[in-house]
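To start, the structure itself, in structure tokens.
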Amino acid sequence: MFPKDITSASSNTMSPSATLFAASTAKHLADFSKPYKNEAVLRLRNTTMSLLALILLTYLLPIPSLWTAVNVVRGESGVSVVWAVCAAELFLSGLLVLNIIQAAVAIQYPRSPLPPPPPHPAKGLTTPQGQKKRRTILSPVTSPQTQRSFTSSISCEASSFTGTPFQWVHAESVS
Numbered sequence: 005m006f007p008k009d010i011t012s013a014s015s016n017t018m019s020p021s022a023t024l025f026a027a028s029t030a031k032h033l034a035d036f037s038k039p040y041k042n043e044a045v046l047r048l049r050n051t052t053m054s055l056l057a058l059i060l061l062t063y064l065l066p067i068p069s070l071w072t073a074v075n076v077v078r079g080e081s082g083v084s085v086v087w088a089v090c091a092a093e094l095f096l097s098g099l100l101v102l103n104i105i106q107a108a109v110a111i112q113y114p115r116s117p118l119p120p121p122p123p124h125p126a127k128g129l130t131t132p133q134g135q136k137k138r139r140t141i142l143s144p145v146t147s148p149q150t151q152r153s154f155t156s157s158i159s160c161e162a163s164s165f166t167g168t169p170f171q172w173v174h175a176e177s178v179s
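Note that our numbering has the sequence shown beginning at 5, numbered continuously upward.
So this is what it looks like as structure tokens:
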């Protein structure tokens, strides 16, 4: 009877707006933690491959397999190097499994799409003064600057010298 009193008291003390806020916050948080569908597919593929690689490596390398790691972590009370390796192995495999679950849930129940951005009314409006200014800037009356011919900065003596550019600089500094 005591837990029932607590739940009824908490629901009576919360206002309807606070209850709605708590529900919308929980929904927003659950929606926020789900990746979008494209990202979920990539996560599922990459995480599944990583988990399979971890399982394969634990059987090929001279470290305990996942099943042995479970027995070592559950059985030993003292912390040793073997226990730490087994715990790290189990932690990594658990993290990969949780990532697979999250991606599968996100594919099954996709995240709600983002609302469209509000249109900016000031973007499409132009004043008559702005249109006149644009016409004067782009008018064909303006003439381009005169073109100058290209002149080489290397003197004739240095250009007739055969060798590397380092030798050209050295020859110019000597003379």
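Beta carbons are placed, not taken as given, at the ideal position from N, Cα and C, and that holds for glycine.
Taking the Cα of L70 as reference, the smallest distance to any Cα among W87, I105 and A44 is reached at W87. Taking a C-beta distance under 7 Å as the contact criterion, A44 and A107 qualify as a contact pair.
When secondary structure is reduced to three states using DSSP, F95 falls in the helix class. Taking L99 as reference, the option from L58, T62 and Y113 with the minimal CA-CA separation is L58. Contact annotation: P117 and K41 have beta-carbon atoms that are not nearer than 7 Å.
For V45, the enclosing alpha helix (DSSP H) starts and ends at K41 to L64. One Cα belongs to L55, the other to P66, and the distance between them is close to 18 Å. Judged by DSSP in its simplified three-state form, I67 adopts coil rather than helix or strand.
Taking C-alpha positions only, S97 is separated from R49 by approximately 15 Å. The three-state reading of DSSP puts R115 in coil, since its state is none of H, G, I, E or B. The C-alpha of T52 is placed about 10 Å away from the C-alpha of L46.
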